[in-house]
Amino acid sequence: MQQQVIQLIQGDITKVETDAIVNAANSSLLGGGGVDGAIHRAGGRQILEECMQIRARQGGCATGEAVITTAGKLPARFVIHTVGPVWQGGNRNEPQLLANAYRNSLQLALENDCRTIAFPNISTGIYGYPKELAADVAIATVNQYLKDHPGSFDTILFVCFDDENFTIYQKAITG
Ligand code: ADP
1259 MQQQVIQLIQ GDITKVETDA IVNAANSSLL GGGGVDGAIH RAGGRQILEE
1309 CMQIRARQGG CATGEAVITT AGKLPARFVI HTVGPVWQGG NRNEPQLLAN
1359 AYRNSLQLAL ENDCRTIAFP NISTGIYGYP KELAADVAIA TVNQYLKDHP
1409 GSFDTILFVC FDDENFTIYQ KAITG
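Quick look at the structure:
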């Protein structure tokens, strides 16, 4: 049953029509490169404006935390901006912080009545988290969340952009 909820595609998350898409943001919430840049470019100014309002209110977003905005011109309803850890060798609480990013994103989606959500491979680009290790954390955290919150989501979609992540997730999810 959980295996049907968890799904995998290779592609561009800005094109995905889930209730929420997750952005691998940085703690400034002001946009950056990678998936963050792609989401702000495709979604338009409204996303950045809401990010700036959140920043004014709470001073950005700490590592492992998540905030929610409109999805602007994107097909999704919401963008959930979460901040993954920068890889610093693995002894700086990186797995825990990455798990927090996934868990807090799911929690925020649930609180906003989202039934479907899409994740990029958080921290595996500019932040340098080893892809296999990050996939293990992502999949284990989502599985645990579904166990703790049965029936909470119809679809949790992992959107892999690069071939390497797609291959890793294919092996991990479909065996
Ligand atoms: P981080 O700073 O968290 O490492 P990045 O955006 O640099 O964030 O990379 C996170 C992941 O997002 C990488 O695996 C990268 O290949 C992927 N990515 C980049 N652009 C897109 C996109 N348009 N859709 C989905 N994933 C993307």
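Taking the numbering used here, the leading residue of the sequence shown gets 1259, the next gets one more, and so forth.
All C-beta atoms in this analysis are idealised placements derived from N, C-alpha and C, irrespective of residue type, glycine included.
This one's a predicted model, so the numbers in the text were calculated from it and none came from an experiment.
- Query: Sorted by chain position, which residues of the same chain lie with C-beta nearer than 8 Å to N1284's C-beta, five sequence neighbours on each side aside?
  - Reply: Same-chain partners within the cutoff: G1290, D1294, V1341.
- First through last residue of the alpha helix (DSSP H) which encompasses C1309: Element bounds for C1309: 1303 to 1316.
- Message: I'd like the list of long-range same chain contacts for T1321, defined as Cβ closer than 6 Å, with 5 residues on each side in sequence excluded.
- Response: Counting only Cβ-Cβ distances below 6 Å, and skipping sequence neighbours, we find V1341, P1343, L1355.
- Query: Under the criterion of a Cβ to heavy atom distance below 7 Å, does I1305 qualify as lining the ligand ADP?
  - Reply: Not under cutoff, so the answer is no.
- Task: Along the alpha helix (DSSP H) that carries A1268, what are the first and last residues, could you check?
- Result: The sequence given here has Gln at residue 1268, not Ala. In this chain, Q1268 is not harboured by any alpha helix (DSSP H); it is covered by the beta strand (DSSP E) spanning 1264 to 1268.
- Item | T1432 CB to nearest heavy atom of the ligand ADP below 7 Å | T1432 Cβ: outside cutoff for every heavy atom of the ligand ADP.
- Message: Short of 8 Å in beta carbon distance, which residues of its chain neighbour R1373, apart from the five on each side in sequence? Order them along the chain.
- Response: Here the set comprises D1277, F1411, D1412, T1413.
- Roughly how far, in whole angstroms, is the beta-carbon of A1393 from the beta-carbon of A1359, given that I think they are within contact range, below 8 Å? About 14 Å; that fails the 8 Å criterion.
- Determine the direct distance from the alpha carbon of V1417 to that of P1408, and round the result to whole angstroms. Near 22 Å, if we compare the C-alpha coordinates of V1417 and P1408.
- Looking at L1287 and C1319, is the spacing between their C-beta atoms short of 8 Å? Yes; because the gap between Cβ atoms is below 8 Å, this pair is in contact.
- For I1380, name the three-state secondary structure that DSSP assigns. In the three-state reduction of the DSSP assignment, I1380 falls in the coil class, being assigned neither a helical nor a strand state.
- Measure the alpha-carbon distance for M1259 versus I1426 and round it to whole angstroms. With a pLDDT of 45 at M1259, under the threshold of 50, the predicted position of this residue should be treated as unreliable, and no value is reported.
- Inspect the beta-carbon positions of A1430 and I1397 and report whether they are closer than 8 Å. The answer is yes: Cβ separation under 8 Å.
- Message: Strictly by DSSP, which residues pair up with C1319?
- Response: BP columns for C1319 are empty, so no partner.
- Any heavy atom of the ligand ADP closer than 7 Å to the Cβ of I1375? Checking the Cβ of I1375 against the ligand ADP gives no.
- Query: Can you tell me whether DSSP reads Q1260 as helix, strand or coil?
  - Reply: Confidence in Q1260 is poor, its pLDDT being 46 and thus under 50, which makes the residue's placement unreliable; the coordinate value appears in the next sentence. If DSSP states are grouped into helix, strand and coil, Q1260 belongs with the helices.
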